[in-house]
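Step one of this worksheet: look at the structure below.
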Amino acid sequence: MGWENAHLHQFLKNERIFGIADDEPELSDRFMDYTSIRLMDLLKKKGDSMQYIYDFGDYWQHEIILEGIHAPDKSHYYPICTAGERNCPPEDCGGPSGYQEMLKVLNHPGHPDREALIDWLDEDWEPEEFDLDYTNNLLLEDDFGCLPMIE
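Under the UniProt record's numbering, the first residue of the sequence shown is numbered 1, with each subsequent residue one higher.
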């Protein structure tokens, strides 16, 4: 369960749009293919930030903030996630408002839509669970980790 990189997505920084060129039929001077840049070219110092938008229909908006720069540890492969909270919302659950409604339904055993929702979800999906190892394994995959941005 979780996001499967099945929807359009982009990064925004200083009114520039960074995405995959195939996603933008009419490229503007504000658009840049993110496969041709590195993350360190966008976030250079502590406090630098950018936006990440996933699924233009559901519109999941995230703020990415560079909290610090550390000397690399040669025993780790990068990127690496050091901590996190909660499980990833399911694909196509209706964006932030749909996700909140989904959680309300799950938390009310007598709700008429609860059983159908549980059938739609993976039986083992728990909203409060965060799997650090699973997250780091996803970051090792080209399309999930956006590796061209960090190499």
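For every residue, glycine included, the Cβ atom is placed at its ideal position computed from N, Cα and C.
Given the structure is predicted, the values throughout are model-derived calculations rather than measurements.
| Check | Outcome |
| --- | --- |
| 8 angstroms contact criterion, which residue 164 and I53 should meet: CB distance rounded | The displayed coordinates of the chain run from 1 to 151. Any statement about residue 164 would go beyond what the structure contains. |
| Ranges of the beta strand (DSSP E) found wholly within the UniProt domain "Plasmid pRiA4b Orf3-like" (1-133), counting only runs of at least 3 | 9-13, 16-19, 31-33, 49-54 and 60-65 |
| Sub-9 angstroms separation of G110 and E101 beta-carbons | no |
| Check whether R38 and R16 have beta carbons under 9 angstroms apart | no |
| Check whether G2 and C88 have beta carbons under 9 angstroms apart | yes |
| Three-way DSSP call (helix, strand, coil) for L139 in this model | helix |
| P127 vs R86 beta-carbon contact at 9 angstroms | yes |
| Classification of P90 by the beta-carbon crowding that lies within 10 angstroms, buried from 16 upward | buried |
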